[in-house]
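Undergrad:
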Ligand code: DP6
């Protein structure tokens with residue numbers, strides 16, 4: 001039986017970060033996280049079963065080596081679920097600069113999970129899709145959902161999943177200052193492993209992040225934008241502090257990253273309330289409220305970084321076409 005499906009998923013940016021696993025095979029994280037799915041970055045993936053071998057084309061280029069193996073291992077999980085042994089042709093298109101800390105693996109594996117299961121004739125509940133996507137890339141568990149999402153760390157395969165959070169009208173938006181859209185020197189996967197294995201600050205990160213997580217749920221529940229922003233910024237800085245303590249140190253920051261962080265502080269003093277977060281890359285994402293989007297965008301443009309994108313909360317994963 002062959003089948004083909006196309007799915008679209010959007011990337012997400014964590015407001016409380018996931019950085020470190022307790023189980024690498026199952027991708028069970030050390031801490032729970034919270035994210036905002038964005039409308040600006042998306043991956044569209046078509047999966048067709050019935051092939052003799054797995055093949056992956058990403059943005060027009062055939063993947064080989066480690067990235068292709070990672071997709072194939074993920075397809076093994078879908079084969080197991082569907083009880084089938086044939087292979088798949090995967091064609092994917094990204095509007096996320098791949099591997100530049102703009103969460104391409106999140107949208108990528110969320111779209112792949114949805115397309116591969118749909119094309120295999122499976123209908124998964126959103127939670128089960130989140131559990132499956134997690135095993136492709138942890139952050140993909142959250143991209144199954146639109147807007148604000150929470151990923152409960154859990155303790156085993158079935159208790160580690162994401163679900164949507166009710167947004168009490170926070171009116172969130174994001175300005176992405178693209179400092180460098182090139183490929184990062186070390187993947188988030190390797191960098192978080194290195195941090196967990198070598199940084200003396202890793203345990204402190206885990207306990208601080210657990211406390212940030214519960215404060216964040218309270219702040220979101222209360223609709224308190226200031227508290228949400230403060231927590232997001234300090235949690236991101238704490239994650240990077242834990243990386244700096246690794247051997248060798250993990251340093252994603254570039255001079256323009258620091259200029260952006262300073263700009264955020266200045267904008268705040270001038271009354272445009274905004275907060276910075278950074279992931280496994282030099283780009284700075286600025287969390288603000290929608291009415292402040294244009295002011296902040298202009299200020300970042302005047303700084304003269306490589307690029308600026310604005311984003312609003314985006315939708316969860318969807319199947320666009322199934323035959
Ligand atoms: C800094 O989800 O890319 O963006 O599970 O190993 O694929 P793997 O890692 P990945 O890590 C994301 C790290 C982060 C923070 C976050 O998105 O929570």
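Residue numbers (this note's numbering): 1 to 323.
The beta carbon of each residue, even a glycine, is placed where N, CA and C say it ideally should be.
(1) Could you say which of 181, 160, 231 and 271 lies nearest to residue 29 if we only look at CA atoms?
(2) For residue 100, which residues in the same chain have their Cβ closer than 6 Å to its Cβ, ignoring the five residues on either side in sequence?
(3) Nearest-angstrom Cα distance between residue 62 and residue 184?
(4) Which of the three DSSP states, helix, strand or coil, is assigned to residue 30?
(5) What three-state label does DSSP hand residue 291 in the structure shown?
(6) Could you tell me the distance, in whole angstroms, from the CA atom of residue 219 to the CA atom of residue 89?
(7) Report yes or no: do the stretch 32–52 and the stretch 255–273 share at least 3 C-beta pairs separated by less than 8 Å?
(8) To the nearest angstrom, report how far apart residue 10 and residue 290 are at their CA atoms.
(9) If you follow the beta strand (DSSP E) that residue 163 is in, where does it begin and where does it stop?
(10) Can you tell me which of 154, 163, 147 and 153 puts its alpha carbon nearest to the alpha carbon of residue 129?
(11) Between residue 293 and residue 312, what straight-line distance do the alpha-carbon atoms span, to the nearest angstrom?
(12) Tell me whether residue 307 sits in a helix, a strand or coil according to DSSP, three-state version.
(13) Looking at the structure shown, is residue 202 part of a helix, part of a strand, or coil, going by DSSP?
(14) On the DSSP bridge list, what partners appear for residue 274?
(15) Please list the segments of the alpha helix (DSSP H) lying wholly inside the stretch 113–184, counting only runs of 4 or more residues, in order along the chain.
(16) Just verifying my parser: in three-state terms, what is the DSSP assignment at residue 247?
(17) Excluding sequence positions up to five away, which residues of its chain have a Cβ less than 8 Å from the Cβ of residue 67?
(18) Does residue 4 come out as helix, strand or coil in the three-state DSSP assignment?
(19) Do you know offhand how far residue 153's Cα is from residue 237's?
(20) Taking 6 Å as the cut-off, is the CB of residue 138 close to at least one heavy atom of the ligand DP6?
(21) How many angstroms separate the CA atom of residue 315 from the CA atom of residue 109?
(22) Can the beta-carbon of residue 4 be found less than 7 Å from the beta-carbon of residue 309?
(23) What does DSSP give as the partner residue(s) for residue 23 in the beta ladder?
(24) Run through DSSP, which three-state label would residue 36 get?
(25) Between residue 328 and residue 166, how many whole angstroms is the CB-CB distance? I'm expecting something under 8 Å.
(26) Report the residue from 70, 250, 221 and 7 whose alpha carbon sits nearest the alpha carbon of residue 135.
TA: Walking through what the data contain:
(1) The shortest Cα separation from residue 29 among 181, 160, 231 and 271 belongs to 160.
(2) Residue placement at residue 100 is flagged as unreliable, the pLDDT there being 49, under the threshold of 50; the coordinate-derived value follows with that caveat. Around residue 100: 181 and 281.
(3) Going from the Cα of residue 62 to the Cα of residue 184 covers about 20 Å.
(4) Coil at residue 30, not helix or strand.
(5) Three-state result, residue 291: helix.
(6) So the two alpha carbons sit approximately 44 Å from each other.
(7) Taking 8 Å as the limit for Cβ pairs, the verdict is that the stretch 255–273 does not touch the stretch 32–52.
(8) Approximately 19 Å between the Cα atoms of the pair.
(9) Residue 163: member of the beta strand (DSSP E) spanning 161–164, first to last residue.
(10) Selected option, being the one with the closest Cα: 163.
(11) Residue 293 and residue 312: Cα-Cα distance of roughly 10 Å.
(12) Looking at residue 307 - three-state DSSP - the assignment turns out to be strand.
(13) Here residue 202 sits in helix by DSSP.
(14) DSSP lists 288 as partners of residue 274.
(15) Whole alpha helix (DSSP H) segments, 4+ residues: 126–134 and 140–143.
(16) Residue 247: coil per DSSP, three-state reduction.
(17) Closer than 8 Å at Cβ, skipping near neighbours: 56 and 58.
(18) Strand at residue 4.
(19) Spanning the two alpha carbons is a distance of roughly 21 Å.
(20) Yes; taking the cut-off as 6 Å, the Cβ of residue 138 has a heavy atom of the ligand DP6 nearer than that.
(21) If you draw a straight line from the Cα of residue 315 to the Cα of residue 109, it is about 15 Å long.
(22) With respect to residue 309, residue 4 sits apart: the two C-beta atoms are not nearer than 7 Å.
(23) Checking the DSSP bridge columns, you'll see residue 23 partnered with 28.
(24) Residue 36: strand per DSSP, three-state reduction.
(25) There is no way to answer for residue 328, as the model of the chain reaches only from 1 to 323.
(26) Of 70, 250, 221 and 7, the residue nearest in Cα terms is 70.
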